[in-house]
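Undergrad: Next up is a structure, given as structure tokens.
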Amino acid sequence: MIIIIYLKPLYKTMFRLLTFITFFLLSCKPREVTKKVEFPQSRTQVMTEGYRKSPNPDSSRILWYKTEQSVNAMAPWYLYFVTDKDGKEIILKEQRILAEKIYWKDKNTLAIIPYREMIQEESLENPNKNEILINIK
Numbered sequence: 004m005i006i007i008i009y010l011k012p013l014y015k016t017m018f019r020l021l022t023f024i025t026f027f028l029l030s031c032k033p034r035e036v037t038k039k040v041e042f043p044q045s046r047t048q049v050m051t052e053g054y055r056k057s058p059n060p061d062s063s064r065i066l067w068y069k070t071e072q073s074v075n076a077m078a079p080w081y082l083y084f085v086t087d088k089d090g091k092e093i094i095l096k097e098q099r100i101l102a103e104k105i106y107w108k109d110k111n112t113l114a115i116i117p118y119r120e121m122i123q124e125e126s127l128e129n130p131n132k133n134e135i136l137i138n139i140k
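When the count follows the numbering used here, it moves up by one through the sequence shown with no breaks and lands on 140 for the last residue.
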């Protein structure tokens, strides 16, 4: 009984203190953030992070590619897409292929040498038979 009577005034004081702190915190204004967030101007700026670029012979288009080495694959995965020279318009959407090499054959054609575990004797005689050609309009 004596302990309960003694804690009762302390309880009221703590309640008033917590109420005051709660109202004080709710009435405070948040600090203004001065840091400005800059967003990229185009979608291709976001897409080109981590990619290497290779312009075609007349520099009218750019091949963007990056390689990813898989644990189980003997050759790397190529992720690639093609944009115009300014990088504003995507001409060929992003694609992924398991390949040994990707390069410009001429100003409108991409050549991809796909990965093959065994190369037949016929393809050794004719190396162009191994290429995948992608014509870009």
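By construction, the Cβ of each residue, glycine as well, lies at the ideal position given by its N, Cα and C atoms.
Quick check on DSSP: helix, strand or coil for Ile24?
TA: Your numbering for residue 24 matches position 21 in the sequence shown. For Ile24, the three-state secondary structure derived from DSSP is helix.
Undergrad: Where does Lys140 sit, in a helix, a strand or coil, going by DSSP?
TA: Within the sequence shown, residue 140 is the residue found at index 137, counting from 1. Coil.
Undergrad: What's the call for Leu136, buried or exposed, on a 16-neighbour Cβ count within 10 Å?
TA: Indexing the sequence shown from 1 puts residue 136 at position 133. Leu136 should be labelled exposed.
Undergrad: Cβ of Phe84 within 8 Å of Cβ of Leu95?
TA: Numbered from 1 along the sequence shown, position 81 holds the residue referred to as residue 84. Numbered from 1 along the sequence shown, position 92 holds the residue referred to as residue 95. For Phe84 and Leu95, yes; Cβs fall inside 8 Å.
Undergrad: For Met4, I'd like the list of residues in its chain whose CB is within less than 7 Å of its CB, leaving aside the five on either flank, ordered along the chain.
TA: Indexing the sequence shown from 1 puts residue 4 at position 1. Bear in mind that a pLDDT of 49 at Met4, under 50, signals an unreliable position, so the model cannot answer this.
Undergrad: Buried or exposed for Thr86, going by 16 or more other Cβ atoms inside 10 Å?
TA: By one-based count along the sequence shown, residue 86 stands at place 83. Per the 10 Å Cβ criterion, buried.
Undergrad: Quick check: the region 52-60 against the region 104-112, are at least 3 beta-carbon pairs closer than 8 Å?
TA: In this structure the region 104-112 touches the region 52-60; the number of beta carbon pairs closer than 8 Å is three or more.
Undergrad: To the nearest angstrom, how far is the alpha carbon of Glu92 from that of Lys69?
TA: Position 89 of the sequence shown holds residue 92. Position 66 of the sequence shown holds residue 69. Distance between the alpha carbons of Glu92 and Lys69 is about 19 Å.
Undergrad: Only counting the same chain, and skipping five residues up and downstream in sequence, which positions put a Cβ closer than 7 Å to that of Leu20?
TA: Locating residue 20 in the sequence shown gives position 17, counting from the first residue. Here the set comprises nothing.
Undergrad: Output the boundary residues of the beta strand (DSSP E) element that contains Asp109.
TA: As a working note, residue 109 is residue 106 in the sequence shown. Start and end: Ile93 to Asp109.
Undergrad: Just confirm the distance between the C-beta atoms of Trp67 and Tyr54, as a whole number of angstroms; I'd bet it's less than 8 Å.
TA: Indexing the sequence shown from 1 puts residue 67 at position 64. Indexing the sequence shown from 1 puts residue 54 at position 51. Indeed, because the Cβ distance is near 4 Å, the residues count as touching under 8 Å.
Undergrad: May I ask you to report which of helix, strand or coil DSSP gives Met4?
TA: Position 1 of the sequence shown, counted from the start, is the residue given in the question as residue 4. At Met4, the pLDDT of 49 sits below 50, so the modelled position is not reliable; the number obtained from the coordinates is stated separately. Judged by DSSP in its simplified three-state form, Met4 adopts coil rather than helix or strand.
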